[in-house]
Amino acid sequence: MRLDPIELGSFWMPKQSSTIAQEIDTAWYIVYWLDVVMFVGLMVPLAYFMYRYKRRTAKDKVSDVTHSTTLEITWTIIPSIMVIGLFFVGLSGWMKAMVAPGNALEIRTTAEMYMWTFTYPNGNVSVNELVVPKGQPVKLIMSSKDVLHSFFVPEFRVKQDVVPGTYTTVWFEATENRDTILFCTEYCGVGHSDMMARVRVMEKADYDTWQETGLMPGEKPLPPAELGKKLYATRSCNTCHSLDGSRIQGPTFKGVFGRTEQIADGTSVKVDENYIRESLLEPNKKVVSGYPAVMPTYKGLLKETDIDALIAYLKTVQ
Ligand code: HEC
Ligand SMILES: [Cu+2]
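Numbers 1 to 318, taken from UniProt numbering, label the letters of the sequence shown in order.
So, in structure tokens, the structure goes:
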């Protein structure tokens, strides 16, 4: 999936687009600059002493100082105070990041090789596109269908493992009316680097419209073939099916409609409306010979109009 690169907010960091981003960055910068000061403060004198007090001849005296209690107490107490200070800086941000506000909008999130599925409170589903209202806390209740994945939105400064067989949660409140990127940040297989999703942040009113009608801000209903073309990209068919005849994970869509396909059980089938429908709802019923049975089912994820639209679109891919 092709996405615009994330914008940088500073030399080190992407833009801050959530309510906790600022605090996380502040903690990070404190640690960072402390490290810089300590590193320089230790290494420069060290280098100087090595040069200045180098033992040059056998006659040079070796110091008889064995230790200095004052120095030892100083270099124990000062770093201890710094580390305790850092603990409280971190604790404050960590508590905020861990505990979602009670009024958070809950979105069920499922990760699987190699896509993200989001189910909204009213039953709407979006694939590889997380749609959230600006200025409202959002809590994701996440799990994985297969292996370990991890949810990471750099602009929001949130990151959380997504684990099979259990729920993990993460929350954020988006502050910018701008799209950004969600990455899988746990190596999960050959398609890992493609496992990204667009995060679309919009005004609450636009979000409500999208929930009701599926239309993004400024969008009009599309003719079926065009809607299908859009779904091909937004429902991540494009991660496995090419349009130009090349083989990715699945067979190319070039000339797919009307093509006769060899099925792994030895039979063959002509690609028509019903076969495409079945491929979407029960992909493993007829597996194309020579391909792995990795296509996920889209049952419950595509509306009837979406299925019609995809069929209309596939007819046009020649
Ligand atoms: C994770 C990879 C993956 C994704 C995502 C995926 N498919 Fe597939 N698809 C496959 C594979 C592999 C096959 C061949 C094996 C089989 O038949 O199950 C296949 C087969 C098909 C077939 C039968 C093709 C033929 O030549 O017989 C159709 C139609 C199809 N997919 C449509 C779609 C559509 C539409 C989408 C998006 C809504 C989609 N697929 C998403 C992997 C994928
Ligand atoms: Cu992953």
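The beta carbon of each residue, even a glycine, is placed where N, CA and C say it ideally should be. Note that the coordinates shown come from a computational prediction; the quantities given were computed from them, not determined experimentally.
- Contact belief for T169 with D161 at Cβ below 8 angstroms, rounded distance in angstroms: Looking up residue 169 in the sequence shown gives position 169. Looking up residue 161 in the sequence shown gives position 161. Between D161 and T169 the Cβ distance is about 11 angstroms, and since that is not below 8 angstroms, they are no contact.
- Query: Just how far apart, CA to CA, sit S68 and T76?
  - Reply: As a first step, residue 68 must be located in the sequence shown, where it is residue number 68. As a first step, residue 76 must be located in the sequence shown, where it is residue number 76. Near 12 angstroms, if we compare the C-alpha coordinates of T76 and S68.
- Query: Does the region 83-96 come close enough to the region 137-151 to have 3 or more Cβ pairs within less than 8 angstroms?
  - Reply: Judged by Cβ distances under 8 angstroms, the region 83-96 makes no contact with the region 137-151, as fewer than three pairs qualify.
- Simplified DSSP assignment, three categories, for I276: Here residue 276 refers to the residue found at position 276 when the sequence shown is read from its first residue. Looking at I276 - three-state DSSP - the assignment turns out to be helix.
- Pull up the distance between the alpha-carbon of L310 and that of L227, whole angstroms please. Here residue 310 is taken as the residue at index 310 of the sequence shown, counted from 1. Here residue 227 is taken as the residue at index 227 of the sequence shown, counted from 1. Looking at the two C-alpha atoms, the distance is approximately 7 angstroms.
- Can you list, in chain order, the residues of its chain whose CB lies under 6 angstroms from that of N128, leaving out five sequence neighbours each side? By 1-based counting over the sequence shown, the position of residue 128 is 128. So the list reads M115, W116, A197, S236, once near-sequence residues are dropped.
- Message: Strictly by DSSP, which residues pair up with Q160?
- Response: Here the question's residue 160 lines up with position 160 in the sequence shown. DSSP, once it has assigned bridges, lists F151 as partnering Q160.
- Message: Taking the alpha-carbon of D244 as reference, which of I263, F257, Q318 has the nearest alpha-carbon?
- Response: Numbered from its first residue, the sequence shown carries residue 244 at position 244. For the residues I263, F257, Q318, the minimum Cα distance to D244 belongs to Q318.
- Cut-off 8 angstroms between Cβ atoms - residues of its own chain near T239, not counting five sequence neighbours on either side: As a position in the sequence shown, residue 239 is number 239, starting the count at 1. The residues are M1, Y114, M115, G191, D194, I248, Q249.
- Query: By Cβ distance, which residues of its chain are closer than 6 angstroms to T119, with the 5 residues on each side in sequence left out?
  - Reply: On the sequence shown, position 119 is the one that residue 119 refers to. Excluding sequence positions up to five before and after T119, its CB lies within less than 6 angstroms of the CB of R108, V125, all in the same chain and listed in chain order.
- Any idea if K229 is buried or exposed, counting beta-carbon neighbours within 10 angstroms, 16 or more meaning buried? Mapped onto the sequence shown, residue 229 falls at position 229. Buried, by the Cβ-count rule.
- Among T180, V201, I73, which one has its Cα closest to the Cα of P133? Locating residue 133 in the sequence shown gives position 133, where the first residue counts as 1. That would be V201, whose Cα lies nearest to the Cα of P133.
- Pick helix, strand or coil for V138, following the three-state DSSP scheme. As a working mapping, residue 138 is identified with position 138 in the sequence shown. Three-state DSSP puts V138 in a strand.
- Message: Considering only heavy atoms of ligand 2, does any lie closer than 6 angstroms to the CB of C240?
- Response: The residue you call residue 240 lines up with position 240 of the sequence shown. Within the chosen limit of 6 angstroms, ligand 2 does not reach the beta carbon of C240 with any heavy atom.
- Message: Using the Cβ count rule (16 or more neighbours within 10 Å means buried), how would you classify A58?
- Response: Counted from its first residue, the sequence shown places residue 58 at position 58. By the 10 Å Cβ count, A58 comes out exposed.
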